[in-house]
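Asks: Provided herewith is a single structure, encoded as structure tokens, for subsequent inquiry.
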């Protein structure tokens, strides 16, 4: 380790240069702090999981006027042909509570939701541009796009665009970012955090700071932790995002006395292409996901349906269905569509690197579904087709109630018979996005220790914050949480750290 005389000194050190970390660095620098950001990944893989997202962000809004504040360049034609609806604070809070089975921390949930729109405006003012998610969150019915599920805008350029914009803003504000720099351990003195040790290249370094913000993600890329905490079989899941989120920040916090908190056996996990690589691929981004399953019939290796594909809008089910797929025989499933719904499939179904089969008849399709009991599959489709309530109109923009009657596992909405060629099927497995367990924080994003007391000089934001998500989460809330609490953590850390480092 370097001699103490060689120690660098900053007001605030931020660990992680994804969305949460960059928001923390930006807020701290704007508050007048000297800021160092340590990013474990090399420059080419910067940004953590944020870079692998499509950039969708869930926020509360009262109508089209709020949307126009964030996307002021919407054309009159777009406004005329689009129903953006509303997504009030009360609805956001109810959705967050409902999908987490009302276990989410009420104080953190209220901060997240009530500060979501203001934070979106802050991001906009700092150079992040937004656009409506026409391709994935709105269907054109009767000449009008109608947004559904409370998710309306995404960062222009997706996750990479968000990270690039925040990197520019943070560095312009004065923050210094070092890539390939891995934080190893927090240093403490007088019952507070006083800096950290890190490795940069072959050099071991120590930096002092008045405050440290941990924003280095969960432990989803750590196969040993995943299996230990999520349970047997999770070693077989693919990782949707960065290979660098191995729980370093969580481990450092726990070693320093932080309180473990939240749903440590839970994770955001989705249907992911069966033959995707073990970790995310930035040339593909999030396009290995397959999220049009509410329009499909999904079968496992036994040729049987195993969940309600249309239980809710995909925003409220996709993050928990990866776990269900992982629990199936051989950890895979096939999503099956026919000519009636193929035109409605999301863009990710059209990429070149996709596990897909096509057929002009159901028997032909059955023979192409690798690993599936063909006889039972045909029986399943016959029973399903006979159970569809075809007298109810199909409408993908609302929970249309077009379901099935008489099946062991009913489909609640968007049920269409699978009988019109051509047929397409897509193979998926479990892709884990981020883990839900982490450390406990206060309303000011200060880490709480095992005695229930705030840890002087230590703050956290992003995936490593526990207590917000249990079992599931509303789509787009992860990035919003990172921005909201990253901004709070940076501001709080600056207040504590200026002059103390």
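Residue numbers (our numbering): 918 to 1418.
Even for Gly, the Cβ is constructed at its ideal location relative to N, Cα and C.
The model shown is predicted, which means the values in this text are computed figures rather than measured ones.
Buried or exposed: where does residue 1061 fall if 16 or more other Cβ atoms within 10 Å of its Cβ makes it buried?
Replies: Exposed, since its Cβ has fewer than 16 Cβ neighbours within 10 Å.
Asks: Hey, residue 966 and residue 1162 are a contact pair by Cβ (cut 8 Å); roughly how many whole angstroms apart?
Replies: Between residue 1162 and residue 966 the Cβ distance is about 6 Å, and since that is below 8 Å, they are a contact.
Asks: In chain order, what are the residue ranges of uninterrupted beta strand (DSSP E) at least 3 long that sit wholly in the segment 1073-1117?
Replies: Counting whole runs of 3 or more residues, the segment 1073-1117 contains the beta strand (DSSP E) stretches 1093-1096, 1098-1106, 1109-1117.
Asks: Which partner residues of residue 1155 appear in the DSSP bridge assignment?
Replies: Paired residue(s): 1348.
Asks: So, with DSSP's three-state summary, where would you put residue 1207?
Replies: The answer is coil: DSSP assigns residue 1207 none of H, G, I, E or B.
Asks: Around the C-beta of residue 951, are 16 or more other C-beta atoms found within 10 angstroms, so that it is buried, or is it exposed?
Replies: Buried, since its Cβ has 16 or more Cβ neighbours within 10 Å.
Asks: Tell whether a beta-carbon distance below 8 Å holds between residue 1114 and residue 1102.
Replies: It is a contact, given that the beta carbons lie within the stated cut-off.
Asks: Is it true that the CB of residue 1356 sits closer than 8 Å to the CB of residue 1175?
Replies: For residue 1175 and residue 1356, yes; Cβs fall inside 8 Å.
Asks: Residue 1345 and residue 1424 - do their beta-carbons sit closer together than 8 Å?
Replies: Shown here, the chain extends from 918 to 1418; a query on residue 1424 therefore has no answer.
Asks: Do residue 1252 and residue 1343 have their C-beta atoms closer together than 8 Å?
Replies: Yes.
Asks: Where does residue 1313 land, buried or exposed, given buried means 16+ other C-beta within 10 angstroms?
Replies: It counts as buried.
Asks: Quick one, which of 1195, 1099, 1294 has its alpha-carbon nearest residue 883's?
Replies: As displayed, the chain neither begins before 918 nor continues past 1418, which places residue 883 out of reach and without an answer.
Asks: For residue 1432, count neighbouring Cβ atoms within 10 angstroms of its own Cβ and tell me buried if that reaches 16, exposed if not.
Replies: Only positions 918 to 1418 of the chain appear in the structure, and residue 1432 is not among them; the question remains open.
Asks: Hey, quick one: how far does the alpha helix (DSSP H) through residue 1273 stretch, first residue to last?
Replies: No alpha helix (DSSP H) contains residue 1273, which is instead part of the beta strand (DSSP E) from 1273-1276.
Asks: Using 8 Å as the threshold, is the C-beta distance between residue 926 and residue 1107 below it?
Replies: No, the pair does not count as a contact, with Cβ atoms beyond the cut-off.
Asks: Nearest-angstrom Cα distance between residue 1022 and residue 1137?
Replies: Going by the C-alpha atoms only, they are around 22 Å apart.
Asks: Can you tell me the Cα-Cα spacing of residue 1087 and residue 943, whole angstroms?
Replies: Residue 1087 and residue 943: Cα-Cα distance of roughly 4 Å.
Asks: Hey, residue 1414 and residue 940: beta-carbon distance below 8 Å or not?
Replies: No; because the gap between Cβ atoms is not below 8 Å, this pair is not in contact.
Asks: In chain order, which beta strand (DSSP E) runs of at least 3 residues are fully inside the segment 1362-1412?
Replies: Here the runs fully enclosed are 1363-1365, 1371-1377.
Asks: Taking 8 Å as the threshold (C-beta atoms), are residue 971 and residue 1134 in contact?
Replies: No. Outside cutoff.
Asks: Buried or exposed: where does residue 1255 fall if 16 or more other Cβ atoms within 10 Å of its Cβ makes it buried?
Replies: Residue 1255 is buried by the Cβ-count criterion.
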